[in-house]
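Here the structure is laid out as structure tokens; the discussion comes afterwards.
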Amino acid sequence: MKKTGIIAILGGLAVWALYFIVIFWSFLFAHPFLGLALIAIITGTVIIILDIYKEKENGPFRGIKK
221 MKKTGIIAIL
231 GGLAVWALYF
241 IVIFWSFLFA
251 HPFLGLALIA
261 IITGTVIIIL
271 DIYKEKENGP
281 FRGIKK
């Protein structure tokens, strides 16, 4: 019975997630400029996160060495 409940929950979550993915895609196709804006925001966020990660790898920026 426990296994059946878990399968029902996971199946419901999968249907729910697919429903929101379909809504998201239909919104982007209906409003292409907002889709481009979303892509720009996501790209900028990834670039900033990668820059922060590289800075932590190399140590903090200490200014120009003289």
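Residue numbers (the numbering used here): 221 to 286.
We put the CB at the ideal spot given by N, CA and C, even for glycine.
Since this is a predicted model, take the numbers as computed values, not measurements.
Among the residues of its own chain, which have a CB less than 6 Å from the CB of residue i, if the five just before and after it don't count?
i	result
residue 266	none
residue 248	255
With a CB to CB cut of under 8 Å and the five nearest residues on each side skipped, what residues in its chain are close to residue i?
i	result
residue 251	none
residue 264	none
Ignore the nearest five residues each way along the sequence and tell me which others in residue i's own chain have a CB closer than 7 Å to its CB.
i	result
residue 235	none
Point to revise | Any alpha helix (DSSP H) of 4 or more consecutive residues that is wholly inside the stretch 248 to 278 | key: Secondary structure within the stretch 248 to 278: the alpha helix (DSSP H) runs of 4 or more consecutive residues, fully enclosed, are 252 to 278 (chain order).
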